[in-house]
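Residue numbers (my numbering), protein chains in the order written: chain A, 122 to 452; chain B, 122 to 452.
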């Protein structure tokens with residue numbers, strides 16, 4: 122929620138968070154709220170709706186909040202769509218958004234749409250929580266490890282996919298990647314962007330996470346730095362491993378400084394949670410996610426003594442994350 | 122909140138309401154929420170911000186909710202603004218929005234902005250309420266009267282003001298209105314659109330209101346019909362009086378069917394509350410508002426036996442509402 126209106130979201134706790142947390146007038150409860158919207162980045166309107174919803178909810182999940190009590194949908198309907206296009210595309214986006222909210226156990230009870238030349242889709246996620254339902258992301262301690270719950274490279278994968286139609290762009294990367302690789306990476310990116318971080322949030326409580334953020338527009342390092350900045354203890358984050366959608370590291374390299382993927386600056390959409398966990402719990406956390414969801418999570422770095430900064434080591438290990446084969450699913 | 126995504130907001134109570142009301146997991150509380158945004162319609166960015174905020178809050182106030190626990194701001198920043206324009210206009214709009222929220226006793230704790238060719242500004246208002254804090258707008262009884270808390274004609278006034286610069290348009294109305302009248306009407310429109318319906322909401326409890334809605338995009342009659350449709354009792358609404366910003370009825374008439382102001386279809390922005398009140402309480406309600414705010418409210422119609430419809434009588438009485446002289450204020 123920190124994009125666009127810098128730092129305005131920080132008023133209550135004075136730290137960089139993905140949600141605003143507001144003390145309520147009733148029963149020691151807090152209002153945890155976030156809003157976010159996106160421009161369409163995949164071709165399938167239904168999946169785009171799911172991605173937009175998962176992306177909004179991710180801000181709640183980063184605080185360990187698993188119950189979204191209400192969702193509002195925000196739609197920017199393009200004036201450039203023909204009536205036919207609009208009547209096909211918009212309902213599909215709305216259905217994807219609502220299906221994803223349903224999957225997360227919350228209703229879309231309202232919203233607003235407005236005409237504008239560019240399509241946007243997003244929402245407002247709200248949860249009313251007791252103190253034990255959320256984890257303020259400021260408690261990392263020396264010796265913690267950093268876990269990432271989704272692979273990086275969504276923007277690279279989406280771009281590469283679109284470049285299949287642009288000869289000059291394609292020529293820049295065709296030596297390092299095949300059409301099939303790109304199709305697989307695009308499918309994997311859609312899969313991961315539409316996936317909810319809800320289980321990852323639930324398990325944060327079970328394994329005593331010390332705080333988390335979700336990886337979106339500022340890239341892995343940008344969000345790691347935000348998280349480091351807001352720590353109570355004198356710690357810094359050091360990232361050694363970069364789990365990246367298969368072949369996308371090569372694509373990024375072939376494009377020079379364009380993506381800054383290995384530098385940690387490539388924006389992600391509906392990315393994973395970056396979580397500070399006690400060292401002895403991290404492996405079990407990752408195993409538990411794989412057991413319950415069939416998705417991998419990775420230990421990518423450590424928390425050491427420092428001045429609340431984050432960095433990626435000189436030669437990080439790139440973990441090639443293969444396209445996921447999920448029979449009977451849309452991808 | 123009912124614009125754009127038809128009926129999606131009605132899921133919980135199954136009636137047309139300005140907010141969604143969601144039962145919470147804690148202590149018998151309900152989440153009352155609304156979102157709305159606007160395109161700029163006045164020249165002053167600061168006032169535009171106030172209008173956008175007052176317009177969002179109005180949906181809460183229509184349910185008698187006086188405490189907004191959290192506000193999020195939604196900004197669509199135009200790609201067509203020069204950097205200079207953007208750096209002047211956007212902060213002013215944001216300040217107006219925040220000042221209005223502050224006046225309403227709530228904080229803007231976050232939000233989101235996005236680039237799009239057309240500027241939009243709006244927000245998300247949230248209140249966590251006990252059952253006695255809101256009034257479900259479905260309890261009108263035969264013999265009630267209808268009270269309106271702001272004059273009509275904001276759209277006509279804003280249009281007339283812009284027509285001062287358009288000779289052909291101006292020629293259509295200059296016989297019925299003077300430049301000074303138009304300037305006064307425009308000031309009055311800005312004043313009324315930026316005004317909070319909060320006191321009106323608070324007094325709904327004191328005078329046992331049976332339900333209310335706020336008058337916005339569907340015009341007076343459209344919103345009256347929505348309200349009538351959702352009544353428990355077999356009632357209908359009949360409107361006899363139309364309080365209209367001075368001279369704007371004449372302007373609307375001079376424009377033929379363009380505005381449909383006297384037919385009740387002219388859209389309003391951040392309009393007044395339309396409230397069903399027990400007949401014996403209505404006069405006291407209006408007096409109380411005038412005493413506490415210095416603004417008039419009007420009894421404009423009655424609730425009679427019927428099939429949940431609303432209508433305006435053949436020859437409604439037009440009440441000319443003079444421009445308000447408020448020394449030392451921005452208008």
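All C-beta atoms in this analysis are idealised placements derived from N, C-alpha and C, irrespective of residue type, glycine included. In this text the structure is predicted, and so the values were computed from the model without any measurement.
With 16 other Cβ atoms within 10 Å as the buried cut-off, status of residue i
i	result
residue 141 of chain B	buried
residue 287 of chain B	exposed
residue 182 of chain A	buried
residue 144 of chain A	exposed
residue 130 of chain B	With a pLDDT of only 33 at residue 130 of chain B, under the threshold of 50, the placement of this residue in the model should not be trusted; the figure read from the coordinates follows. Buried, by the Cβ-count rule.
residue 200 of chain B	exposed
residue 364 of chain B	buried
residue 223 of chain A	exposed
residue 208 of chain B	exposed
residue 410 of chain B	buried
residue 299 of chain A	exposed
residue 296 of chain A	exposed
residue 389 of chain A	buried
residue 180 of chain A	buried
residue 263 of chain A	exposed
residue 161 of chain B	buried
residue 428 of chain A	exposed
residue 254 of chain B	buried
residue 272 of chain A	buried
residue 194 of chain A	buried
residue 146 of chain B	exposed
residue 405 of chain B	exposed
residue 238 of chain B	exposed
residue 135 of chain A	Low confidence applies here, because residue 135 of chain A scores a pLDDT of 42, under 50, leaving its location unreliable; read the following figure in that light. Residue 135 of chain A is exposed by the Cβ-count criterion.
Per-residue contacts from residue i into chain A (C-beta, under 9 angstroms)
i	result
residue 435 of chain B	Within chain A, no residue comes near residue 435 of chain B; the closest Cβ sits about 36 angstroms away, beyond 9 angstroms.
residue 258 of chain B	Here the premise fails: no neighbours, minimum Cβ distance about 15 angstroms.
Short CB-CB distance (under 8 angstroms) between residue i and chain A
i	result
residue 276 of chain B	no
residue 207 of chain B	no
residue 212 of chain B	no
residue 188 of chain B	yes
Cutoff 8 angstroms: residue i Cβ touching any chain B Cβ
i	result
residue 158 of chain A	yes
residue 253 of chain A	no
residue 388 of chain A	no
residue 147 of chain A	yes
Closer than 8 angstroms at the beta carbon, the chain A residues around residue i
i	result
residue 195 of chain B	156 and 195
residue 238 of chain B	237, 238 and 239
Backbone secondary structure at residue i - three-state DSSP
i	result
residue 470 of chain A	This structure cannot settle anything about residue 470 of chain A, because the visible part of chain A is limited to 122 through 452.
residue 168 of chain B	helix
residue 366 of chain B	strand
residue 395 of chain B	strand
residue 255 of chain A	coil
residue 332 of chain A	strand
residue 230 of chain B	strand
residue 243 of chain B	strand
residue 250 of chain A	strand
residue 311 of chain A	helix
residue 341 of chain A	helix
residue 317 of chain A	coil
residue 441 of chain A	strand
residue 144 of chain A	strand
Interface partners of residue i on chain B, CB under 9 angstroms
i	result
residue 320 of chain A	Within 9 angstroms Cβ-Cβ: nothing; residue 320 of chain A doesn't reach chain B, min ~19 angstroms.
Interface partners of residue i on chain B, CB under 8 angstroms
i	result
residue 141 of chain A	191, 193, 230 and 231
Neighbouring residues, chain B, relative to residue i (Cβ below 7 angstroms)
i	result
residue 152 of chain A	190, 191, 247 and 249
Cβ of residue i within 8 angstroms of any chain C Cβ
i	result
residue 178 of chain A	The displayed structure is made up of protein chains A and B, and chain C is not among them.
The ligand PLP heavy atom lying under 7 angstroms from the CB of residue i
i	result
residue 428 of chain B	The ligand PLP is absent from the structure shown, which contains no ligand whatsoever.
Discussion item. Counting only Cβ-Cβ distances shorter than 7 angstroms, please list the residues of the stretch 286-298 of chain B near chain A, keeping chain order.
Written reply: Of all residues in the stretch 286-298 of chain B, none has a Cβ within less than 7 angstroms of some Cβ in chain A.
Item to complete: Using a Cβ-Cβ cut-off of less than 7 angstroms, give me the residues of the stretch 309-336 of chain B that come near chain A, in sequence order.
Response: For the stretch 309-336 of chain B, which is checked against every Cβ of chain A, not one residue is closer than 7 angstroms.
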